[in-house]
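J.:
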Amino acid sequence: MARAERITGAGRRLWQWSRDSGTQPRLLLAAKAAVAAVIAWTLAKYAPGVAAEYPYYAPLGAIVAMRTTVFAGIRAGVQTLVGITLGILIAGFTMLVDAPGVVAVALVVGLGVLVSGFRILGEGYSWVPMAALFVLLIGGGNAEGYSFAYVVQMAIGIAIGLAVNFAIVPPLHFWDAERRIDQVNAVLAQHLDDLADVLDQGEPDTAAWDRQQGRLDKAIADVRDRVSVAQESRRMNPRSALRGSRARLATDGARFRALERAAWYTTDLTELVARSGPVADNIGRPDPTFAEPMAGALRQVACVVRGDCPEDEGDEAIARLEEALDASRSNPSHVTVTASAIVALRGILESEKRATEDVDTKTGPFGRSTGGHAH
1 MARAERITGA
11 GRRLWQWSRD
21 SGTQPRLLLA
31 AKAAVAAVIA
41 WTLAKYAPGV
51 AAEYPYYAPL
61 GAIVAMRTTV
71 FAGIRAGVQT
81 LVGITLGILI
91 AGFTMLVDAP
101 GVVAVALVVG
111 LGVLVSGFRI
121 LGEGYSWVPM
131 AALFVLLIGG
141 GNAEGYSFAY
151 VVQMAIGIAI
161 GLAVNFAIVP
171 PLHFWDAERR
181 IDQVNAVLAQ
191 HLDDLADVLD
201 QGEPDTAAWD
211 RQQGRLDKAI
221 ADVRDRVSVA
231 QESRRMNPRS
241 ALRGSRARLA
251 TDGARFRALE
261 RAAWYTTDLT
271 ELVARSGPVA
281 DNIGRPDPTF
291 AEPMAGALRQ
301 VACVVRGDCP
311 EDEGDEAIAR
321 LEEALDASRS
331 NPSHVTVTAS
341 AIVALRGILE
351 SEKRATEDVD
361 TKTGPFGRST
371 GGHAH
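Structure follows, in structure tokens:
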């Protein structure tokens, strides 16, 4: 019995790890790509005319179309075919010029790279010089037949890749975005807790804050990309009609916007407290009149961001800080910093509240409930 429980527990941990690490969707994508490539290779020999002589381009087309979202696959496929067509045209122009071999190679590569600079080509940019070079060197005297085969077989593979990706569990990337939002919320909350520790100890490390701020900026950019992928994954996806997918997407968008605003205010707080404020170098330990309630407010707001406390407790902590501010005007520099910090703390809580006005969520993790306040 105990052995069975250990095996079951290990299985659950392995399953959770594969999901958190992104291994599950990657394995599914790899399996679908393999299936699409096999189908494309099998059908390639039935291509019309001379195209049947170049079956290896069909599996390549299937790989091109196998993307993390259905819409991304369609975009990549179209852009690739456009890039190949432009490359063929460049090769044809070079052959009309009838330049010597070395000059011809230089010309197709130069023109191909020049044309590939247009941003509208997207993922098809790299195919322009490559297709031009292939047609020139491999096509040679049969450039027309080779060009026809190249386009037809790539189109066959792309169509098969899109069909497989569309038919076999087309991906919806909500889980990935939600998991990353939760992770960055935890990072953001820890950042606020660390600021509170600096206020208590009066010993800032500006180099460490720069590194931590850099990590936070990268994490926010990563979340932005993942939310964008989640939004794109609904386009041209039959599973987008599933119940709750639209609400889930709206929830993720609201959570990310709240997280982004909270991160901006947290950056402002870092500048105020640890870099140029009451505990910056050469200023010394801050006045306890302001430092203690400010540290308490930071920790309480961190708890709200993490999803462990209701927003009301954050409001109460900031109110106590405001009372300390009203009670003393003896140190103008500390008063100014404290007032600015209150604005930033209010901004974080307001971001939290705005995330819940239109959708039932918090910037903190789903499914938590603390003190009767659901997250």
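Quick note on numbering: the sequence shown equals residues 1 to 375 in UniProt numbering. Glycine included, every Cβ here is placed at the ideal spot set by N, Cα and C. Quick caveat: nothing in here was measured; it's all calculated off a predicted structure.
Buried or exposed, going by whether 16 or more other CB atoms sit within 10 Å of the CB of G77?
T.: By the 10 Å Cβ count, G77 comes out buried.
J.: Would you mind giving the Cβ-Cβ distance between T94 and V108, rounded to the nearest angstrom? I have them listed as a contact below 8 Å.
T.: With a Cβ gap of about 5 Å, T94 and V108 count as contacting.
J.: How about E178 and D252: do their beta carbons lie closer than 8 Å?
T.: Yes, Cβ-Cβ distance for E178 and D252 is below 8 Å.
J.: Going straight from the alpha carbon of I283 to that of L195, what length do you get?
T.: Residue placement at I283 is poorly supported in this model, since its pLDDT is 45, which falls under 50; the coordinates still yield a value, given next. Each residue's alpha carbon lies about 16 Å from the other.
J.: Near A155, which residues of its chain fall below 8 Å by C-beta distance, leaving aside the five closest residues on each side in sequence?
T.: Counting only Cβ-Cβ distances below 8 Å, and skipping sequence neighbours, we find G61 and L81.
J.: Counting Cβ pairs, one atom from each stretch, are 3 or more of them under 8 Å apart for the region 131-147 and the region 99-119?
T.: A contact exists between the region 131-147 and the region 99-119.
J.: Given that a residue counts as buried once 16 or more other Cβ atoms are within 10 Å of its Cβ, and exposed if not, what is F290?
T.: Label assigned to F290: buried.
J.: Taking all protein chains shown into account, do 16 or more other C-beta atoms lie within 10 angstroms of the C-beta of K45, making it buried, or fewer, making it exposed?
T.: So K45 ends up on the exposed side.
J.: Looking only at its chain, what residues have a beta carbon closer than 6 Å to the beta carbon of Y54, apart from the 5 residues adjacent to it on each side?
T.: Contacts found: A149 and Q153.
J.: Suppose contacts are defined by Cβ-Cβ distances below 8 Å. Is V128 in contact with G92 by that definition?
T.: Their beta carbons are not under 8 Å apart, which means V128 does not touch G92 by this criterion.
J.: Could you tell me which whole alpha helix (DSSP H) segments of length 4 or greater appear in the region 49-109?
T.: You should have 57-65 and 70-97.
J.: Can you confirm whether the region 32-48 touches the region 182-201 when touching is taken to mean that 3 or more C-beta pairs between the two stretches lie within less than 8 Å?
T.: The answer is no - the region 32-48 does not touch the region 182-201, with fewer than three Cβ pairs under 8 Å.
J.: Are there 16 or more other CB atoms within 10 angstroms of the CB of V27, so buried, or fewer, so exposed?
T.: Here residue 27 is Leu; the residue named in the question, Val, does not match the sequence. With fewer than 16 other Cβ atoms within 10 Å, it is exposed.
J.: At which residues does the alpha helix (DSSP H) containing G145 begin and terminate?
T.: First-last of the alpha helix (DSSP H) with G145: A143 to A167.
J.: Less than 6 Å between C-beta atoms, sequence neighbours within five positions excluded: which residues of the same chain meet that for F166?
T.: Answer for F166: V70, listed in chain order.
J.: Helix, strand or coil for D308, going by three-state DSSP, please let me know.
T.: D308: coil per DSSP, three-state reduction.
J.: Closest to Y57 by CA distance: which of I74, G161 and R354 is it?
T.: The candidate whose alpha carbon is nearest that of Y57 is G161.
J.: Between L114 and chain B, is any beta-carbon pair separated by less than 8 Å?
T.: This model lacks chain B altogether, as it is built from one protein chain only.
J.: Where do the N-terminal and C-terminal ends of the alpha helix (DSSP H) with R180 fall, by residue?
T.: It spans F174 to Q201 - the alpha helix (DSSP H) in which R180 sits, taken as one unbroken run.
J.: Quick check: the Cα distance between R75 and P170, rounded to an integer number of angstroms?
T.: One C-alpha to the other measures close to 15 Å.
J.: Would a C-beta distance cut-off of 8 Å place L29 and M66 closer than the cut-off?
T.: Yes; because the gap between Cβ atoms is below 8 Å, this pair is in contact.
J.: Going by C-alpha to C-alpha distance, which of G140, A52 and R119 sits closest to Q79?
T.: With distances taken between Cα atoms, Q79 lies closest to R119.
J.: Taking 8 Å as the threshold (C-beta atoms), are L216 and M294 in contact?
T.: No. Outside cutoff.
J.: DSSP state of Y125, grouped into three classes?
T.: Here Y125 sits in helix by DSSP.
J.: Is it right to say Q201 is buried, meaning 16 or more other beta carbons lie within 10 angstroms of its own, or is it exposed?
T.: Result: exposed.
J.: Thinking C-beta only, is G83 closer than 8 Å to G110?
T.: No, they are not a contact pair.
J.: Which of helix, strand or coil does DSSP assign to G347?
T.: DSSP places G347 in helix when its eight states are reduced to three.
J.: Which residues in the same chain as V113 place their Cβ atom closer than 6 Å to its Cβ, once the five residues preceding and following it in sequence are excluded?
T.: So the list reads P129, once near-sequence residues are dropped.
J.: Let me check understanding here. Comparing Cα to Cα, which of I168, S147 and Q300 lies closest to L188?
T.: The shortest Cα separation from L188 among I168, S147 and Q300 belongs to Q300.
J.: Under the assumption that R339 contacts L325 (Cβ atoms under 8 Å), give the Cβ distance between them as a whole number of angstroms.
T.: One point to set straight first is that residue 339 is Ala, not Arg, in the sequence displayed. The Cβ separation is near 6 Å, so the contact holds.
J.: Could you tell me whether the Cβ atoms of Y146 and G139 are closer together than 8 Å?
T.: Yes, Cβ-Cβ distance for Y146 and G139 is below 8 Å.
J.: Straight-line CA distance for A263 to I220?
T.: The straight-line gap from Cα to Cα measures roughly 8 Å.
J.: Check the C-beta distance from E352 over to V305 and give it rounded, since I have them as a contact under 8 Å.
T.: Sure, about 7 Å apart at Cβ, within 8 Å.
J.: How should P238 be labelled, buried or exposed, when 16 other C-beta atoms within 10 angstroms of its C-beta is the threshold for buried?
T.: Result: exposed.
J.: Once the 5 residues before and after S21 are set aside, which same chain residues still bring their CB inside 8 Å of it?
T.: Low per-residue confidence applies at S21: pLDDT is 49, beneath 50, and the placement is therefore not dependable, though the value from the model is reported in the following sentence. Excluding positions up to five away in sequence, the list is empty.
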